[in-house]
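S.K.: Using the numbering used here, you'd call the opening residue of the sequence shown number 1 and step up by one each time.
Provided herewith is a single structure, encoded as structure tokens, for subsequent inquiry.
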Amino acid sequence: MASVNYFCSLTYAASSRNLSVVKLLTGKAKSVPFSLRGSYVRCSNDFKARAGILTSNAPTGNDVQPHSALLQVFSEETTQVVSSFPLENNDEMDLDTPTEGFSSVSDAIEDIRAGKIVIVVDDENRKNEGDLIMAASKVTPESMAFFVKHGTGIVCVSMKEEDLERLHLPMMVNNKKNQDKFQTAFTVSVDAKNGTTTGVSAHDRAKTASALASKSSKPEDFVRPGHMFPLKYREGGVLKRAGHTEASVDLAVLAGLAPSGILCEIVDEDGSMARLPKLQQFAKRENMKLISISDLMRYRRKRERLVEHVSTAQIPTISGSFMAHCYKSVLDNIEHVAMVKGDIGDGQDILVRVHSECLTGDIFGSARCDCGDQLALSMRKLEEAGRGVLVYLRGHEGRGIGLGNKLRAYNLQDEGRDTAEANVELGLPVDSREYGIGAQILRDLGVKTMKLMTNNPTKYKGLKGYGLEITERVPLVTPITTANKRYIETKRTKMGHIYDTNTDFSIVYRP
Numbered sequence: 001m002a003s004v005n006y007f008c009s010l011t012y013a014a015s016s017r018n019l020s021v022v023k024l025l026t027g028k029a030k031s032v033p034f035s036l037r038g039s040y041v042r043c044s045n046d047f048k049a050r051a052g053i054l055t056s057n058a059p060t061g062n063d064v065q066p067h068s069a070l071l072q073v074f075s076e077e078t079t080q081v082v083s084s085f086p087l088e089n090n091d092e093m094d095l096d097t098p099t100e101g102f103s104s105v106s107d108a109i110e111d112i113r114a115g116k117i118v119i120v121v122d123d124e125n126r127k128n129e130g131d132l133i134m135a136a137s138k139v140t141p142e143s144m145a146f147f148v149k150h151g152t153g154i155v156c157v158s159m160k161e162e163d164l165e166r167l168h169l170p171m172m173v174n175n176k177k178n179q180d181k182f183q184t185a186f187t188v189s190v191d192a193k194n195g196t197t198t199g200v201s202a203h204d205r206a207k208t209a210s211a212l213a214s215k216s217s218k219p220e221d222f223v224r225p226g227h228m229f230p231l232k233y234r235e236g237g238v239l240k241r242a243g244h245t246e247a248s249v250d251l252a253v254l255a256g257l258a259p260s261g262i263l264c265e266i267v268d269e270d271g272s273m274a275r276l277p278k279l280q281q282f283a284k285r286e287n288m289k290l291i292s293i294s295d296l297m298r299y300r301r302k303r304e305r306l307v308e309h310v311s312t313a314q315i316p317t318i319s320g321s322f323m324a325h326c327y328k329s330v331l332d333n334i335e336h337v338a339m340v341k342g343d344i345g346d347g348q349d350i351l352v353r354v355h356s357e358c359l360t361g362d363i364f365g366s367a368r369c370d371c372g373d374q375l376a377l378s379m380r381k382l383e384e385a386g387r388g389v390l391v392y393l394r395g396h397e398g399r400g401i402g403l404g405n406k407l408r409a410y411n412l413q414d415e416g417r418d419t420a421e422a423n424v425e426l427g428l429p430v431d432s433r434e435y436g437i438g439a440q441i442l443r444d445l446g447v448k449t450m451k452l453m454t455n456n457p458t459k460y461k462g463l464k465g466y467g468l469e470i471t472e473r474v475p476l477v478t479p480i481t482t483a484n485k486r487y488i489e490t491k492r493t494k495m496g497h498i499y500d501t502n503t504d505f506s507i508v509y510r511p
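This is the structure we're talking about:
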């Protein structure tokens, strides 16, 4: 059998009980006095290694903490572990392919440009409602009548803050007093002063909407209160707030029209809010495009530059010397870092790790997860390869729920829930991470094709479609401990993470 390097917390041949030469994270051979505690962990079909956590009698100083140490040994009896995602070009992973049952965003943009109405559905974890949406600059009395007939009757006009300020339209309540669950930003209601009567007819509402969308309108052109409800658009659009207000303005702008949209929730025949699949039936009956906000978000992420390069510096690390590149998101000003090893060159077959921030695991060495071990192993692999990139994405704490919520979830896990169940019980998504920022950073660095270090198929799907090609998956084999065993098993069984088929989840390294 070919000799390969296999990473464990500690690995040694069953017949050898006195192994003392190991490689630490620095990659340097070092003799360390140690004792062994633990049980068997299966490494391959042909080779079983007995593994335990290192108990070192050596001076501590800069020594790596035992629970996060990755020790490398060589054995002529070990075999390469082969594990891979299907890497064929799958349309489901194309950012321009709509979610099943929905129209494409590009087709919806064409309809918006033509003055037609489209239906936009938000996330099932949000309102899970469908809104009729069109460009405000294209409104007619006939289209307004359709909004009134099939909607709630509360017809809104989404507008940018600069236009609301120009027309002296203050918020209905300030942000601190806004008790709406989704912080919908209503201003005072208005009617157009000229060319209207009561302000409530389809003709009058269309007149008001058209005036609100016009750059030539002035504050004195409106009476307050009225029958049309302007809404303040949040800058950044659906990439900052995944709401219908932002979707309506984004669609108008993408269609090359004034940044203002008309929107109204669709109601069912019994007066309740219309939801899927009835929205699909409605769209088919009315011959309208039906799109999702999540598809619109993917459409924008693929086409817009969302990061800017801030600075670069050389950083010596425990794994080796890397060039650190700081990038800032133009959406939320969060700064991310890319650790680059060697020369990217032609950008082909670059070893890549896209790592989600985990303060507890990466910095404090929490044994609840495998994040810190994966980060350390990735840096070591990059150093050994001599060429590659690690993108460290901030804002991903707790798979996107934030540090405070992650600690709350830990309490629920201590009561018996797994990591997925705890998030759900808190009313939070199991995984809300998005990898478009990471993909744009990789593209800016010159990466074209990559060998991705991950066990997570969602990360593969999240990076594909930005002009990047993934040619190989490199598995990250890290220790299974009593503290993280259930966490890792939940990722495998509920989140689709892929581990070596020989991994025995009934066996752990014991601290």
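The beta-carbon is built from N, C-alpha and C at its ideal position, and this holds for glycine as well.
From a predicted model like this one, the values you see are computed outputs, not experimental measurements.
Is there contact here, the stretch 286-297 with the stretch 420-427, by at least three beta-carbon pairs under 8 angstroms?
M.R.: Too few Cβ pairs lie closer than 8 angstroms, so no.
S.K.: Taking just the CA atoms, how far does SER329 sit from LYS240?
M.R.: Cα to Cα, LYS240 sits roughly 11 angstroms from SER329.
S.K.: To the nearest angstrom, report how far apart GLU383 and GLY320 are at their CA atoms.
M.R.: Each residue's alpha carbon lies about 6 angstroms from the other.
S.K.: What did DSSP end up calling PRO141 once you bin it into helix, strand or coil?
M.R.: Here PRO141 sits in helix by DSSP.
S.K.: Around the C-beta of GLN281, are 16 or more other C-beta atoms found within 10 angstroms, so that it is buried, or is it exposed?
M.R.: By the neighbour-count rule (16 or more Cβ atoms within 10 Å), GLN281 is not buried but exposed.
S.K.: In the DSSP assignment, the alpha helix (DSSP H) including ASP373 goes from what residue to what residue?
M.R.: Here the alpha helix (DSSP H) through ASP373 covers 371-385.
S.K.: Helix or strand or just coil, what does DSSP make of PRO219?
M.R.: Note: PRO219 maps to helix in three-state DSSP.
S.K.: Can you list, in chain order, the residues of its chain with a C-beta nearer than 7 angstroms to that of ASP123? Leave out the 5 residues immediately preceding and following it.
M.R.: Around ASP123: ALA242, ILE293, SER294.
S.K.: Taking only three categories from DSSP, how would you classify LEU332?
M.R.: Sequence check: residue 332 is Asp here, not Leu. The answer is coil: DSSP assigns ASP332 none of H, G, I, E or B.
S.K.: In chain order, what residues of the same chain have a beta carbon less than 7 angstroms from the beta carbon of ILE437, not counting five sequence neighbours either side?
M.R.: The residues are LEU306, VAL307, SER329, HIS336, LEU393.
S.K.: Check the DSSP bridge columns for ARG353 and list the partner residues they point to.
M.R.: In DSSP, ARG353 forms a bridge with LEU390.
S.K.: Using a Cβ-Cβ cut-off of 7 angstroms (strictly less than) and excluding sequence neighbours within five positions of GLN348, which residues of its own chain qualify?
M.R.: Excluding sequence neighbours, GLN348 sits near LYS448, THR449.
S.K.: Does DSSP put SER248 in a helix, a strand or coil?
M.R.: In the structure shown, SER248 sits in a helix (DSSP, three-state: H, G or I).
S.K.: Taking only runs of the alpha helix (DSSP H) that begin and end inside the stretch 231-297, which ones reach a length of at least 4 residues, in chain order?
M.R.: Listed in chain order, they are 244-254, 278-286.
S.K.: Whose C-alpha, out of PRO479, ASP131, GLU162, is nearest the C-alpha of LEU375?
M.R.: Answer by Cα proximity: PRO479.
S.K.: Between the C-alpha atoms of ALA274 and ASP268, what's the straight-line distance to the nearest angstrom?
M.R.: Approximately 5 angstroms between the Cα atoms of the pair.
S.K.: Can you tell me which of ALA338, VAL155, GLY115, THR152 puts its alpha carbon nearest to the alpha carbon of LYS138?
M.R.: The residue with the shortest Cα to Cα distance from LYS138 is GLY115.
S.K.: Kindly list the residues whose CB is nearer than 6 angstroms to the CB of ARG253, restricted to its own chain and excluding five residues on each side of it in sequence; keep chain order.
M.R.: At residue 253 the sequence reads Val, which differs from the Arg that was named. Contacts found: PRO259.
S.K.: For LEU25 and ASP163, I'd like the C-alpha separation in whole angstroms.
M.R.: Per-residue confidence for LEU25 stands at a pLDDT of 32, beneath the threshold of 50, marking its modelled position as unreliable; the derived number appears in the next sentence. The straight-line gap from Cα to Cα measures roughly 56 angstroms.
S.K.: Identify every residue that forms a DSSP beta bridge with THR449.
M.R.: Paired residue(s): GLU469.
S.K.: Is it the case that the stretch 163-174 contacts the stretch 211-226, given that we only count it when at least three CB pairs across the two stretches are under 8 angstroms?
M.R.: Yes, they touch.
S.K.: Going by alpha carbons, who is nearest to ASN194 out of PHE186, LEU407, ALA206, GLY398?
M.R.: Measuring from the Cα of ASN194, the nearest candidate turns out to be ALA206.
S.K.: Could you check the C-alpha separation between HIS150 and ILE133 for me, to the nearest Å?
M.R.: The straight-line gap from Cα to Cα measures roughly 12 angstroms.
S.K.: Please report the residue range of the alpha helix (DSSP H) in which VAL155 lies.
M.R.: Taken as a continuous stretch (DSSP letters only), VAL155 belongs to no alpha helix (DSSP H), as it is neither H nor E.
S.K.: Per the contact definition of three or more C-beta pairs closer than 8 angstroms, is the stretch 310-318 in contact with the stretch 349-356?
M.R.: No, the stretch 349-356 is not in contact with the stretch 310-318.
S.K.: Can you name the residues that DSSP bridges to MET171?
M.R.: THR187, per the DSSP bridge assignment.
S.K.: Helix or strand or just coil, what does DSSP make of ALA483?
M.R.: Three-state result, ALA483: coil.
S.K.: Please classify THR475: does DSSP put it in a helix, a strand, or coil?
M.R.: Residue identity differs from the one stated: residue 475 is Pro in this sequence, not Thr. The answer is coil: DSSP assigns PRO475 none of H, G, I, E or B.
S.K.: Give me whichever residues DSSP pairs with PHE322 in a beta bridge.
M.R.: Answer is ILE315, bridged to PHE322.
S.K.: For SER143, I'd like the list of residues in its chain whose CB is within less than 7 angstroms of its CB, leaving aside the five on either flank, ordered along the chain.
M.R.: So the qualifying residues of the chain are ILE117, MET134.
S.K.: Can you tell me which of the three DSSP states PRO225 falls into?
M.R.: Three-state DSSP puts PRO225 in a strand.
S.K.: Whose C-beta lies closer than 8 angstroms to the C-beta of ASN128 among residues of the same chain, with five residues either side of it excluded?
M.R.: Taken in chain order, the residues that qualify are VAL121, ASP122, ARG275, LEU276.
S.K.: Using DSSP bridges, identify the partner residues of GLY130.
M.R.: GLY130 pairs with VAL121.
S.K.: May I have the straight-line CA-CA distance separating VAL148 from LYS451, to the nearest angstrom?
M.R.: Those two C-alpha atoms are separated by around 53 angstroms.
S.K.: Roughly how many angstroms separate the alpha carbons of CYS358 and ILE350, rounded to a whole number?
M.R.: Taking the straight line joining both Cα atoms gives about 24 angstroms.
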